[in-house]
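Using our numbering, the final residue of the sequence shown is 1376, and nothing's skipped along the way. I have placed the structure first, in the form of structure tokens, so that the comments after it can refer back to it.
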Amino acid sequence: MRRIILDTYEDVCRAAADVYTEQLKEKPNSVLGLATGSTPIGLYDELVRRYDAGALDFSKARSFNLDEYYPIKKDHPQSYNYFMRKHLFDKINISKYSLPNGEAADAEAECLRYDVEISDAGGIDLMLLGIGHNGHIGFNEPAVSYPMGTTHVELAKSSVDANSRFFGLDETQPTEALTMGIGEIMRCKKIILLITGEGKAEIAMKLFERKIHTDIPACFLKLHPDTTVFLDRAAARDIIVFEEALKRERIKAVQEWTGLRG
Ligand code: PGA
């Protein structure tokens, strides 16, 4: 898992847009994996800017989103389908996009259908991920076992609380979702994970400990052969403090050692 720390949120969005630009240049008919949440909005704005400027063409590409609330109507303003159309799909020329269907009558059948659709498309070339404060990726919440394929899940209370900011007092907030499983995510050829803002400093620190915490779903990415994590300095705050302290300690140890020898 590679790590790139950049100064600002905007820098992270530009760097992630560069990865998408490069991917589409190399393989115009790429299968793109996409995510929702506050984090990718700046990336989507940047992709739209580049598309408007003629620097990006999505006409041969198609996409799959990570997850969707369940049940939810496509046109509900808080559905991920609506979010994606508003921030990206309505503004670019992507040939086809898919999300798990939050309107499906049978959630379990919909999960199986979604896995088959992804596999028929040849799998995902480049997957975008955000991370929850509890370390979730997609809606794979901390657990003792994790699904391989797309699954119907109950959201952790912390995820419901974190997303409540998007729902009005008179709106019912879904507490279930359909999400790609950890196995599906691990099968993506290349992954980028964006971590931004001070609120993610603690989980970012845990992710980069030299351990696999089984209760932090994002730790699975340490086992993926081509994952890059982009962080802004705010999210990397604790990592930077820790590594600077470590460096100081090492310098002190070397100085003491050379002092002893001298
Ligand atoms: P956020 O969500 O970008 O809104 O912080 C990320 C996530 O929960 O995966």
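Don't be surprised by glycine CBs; every beta carbon is placed ideally from N, CA and C.
* Can you grab the Cα-Cα spacing for the pair Ser1278 / Ala1348, in whole Å? => 23 Å
* To do: Would you identify the three-state DSSP class for Tyr1194, choosing helix, strand or coil?
  => helix
* Asked: Since Gly1297 is in the alpha helix (DSSP H), which residue starts that stretch and which ends it?
  -> 1296-1300 is the extent of the alpha helix (DSSP H) around Gly1297.
* For the region 1343-1363 against the region 1136-1145, are there 3 or more C-beta pairs whose distance is under 8 Å? -> no
* Limits of the alpha helix (DSSP H) - the one that Leu1374 falls within -> Where Leu1374 is concerned, the enclosing alpha helix (DSSP H) starts and stops at 1351-1375.
* Asked: Taking the alpha carbon of Tyr1134 as the point to measure from, which residue in Asp1329, Cys1333, Leu1307, Gly1373 has its own alpha carbon closest?
  -> Leu1307
* Start-to-end residues for the alpha helix (DSSP H) that takes in Leu1138 -> 1123-1140
* To the nearest angstrom, how far is it from the Cα of Leu1337 to the Cα of Val1267? -> 24 Å
* **Cβ-Cβ separation, Asn1195 to Leu1213 (assumed contact under 8 Å), whole Å** => Contact holds; Cβ gap of about 5 Å.
* Is Gly1147 helix, strand or coil when you go by DSSP? -> strand
* Would you call the CB atoms of Thr1293 and Asp1220 closer than 8 Å? -> no
* Out of Gly1373, Ile1186, His1327, Ile1118, state which residue places its alpha-carbon closest to the alpha-carbon of Gly1249. => His1327
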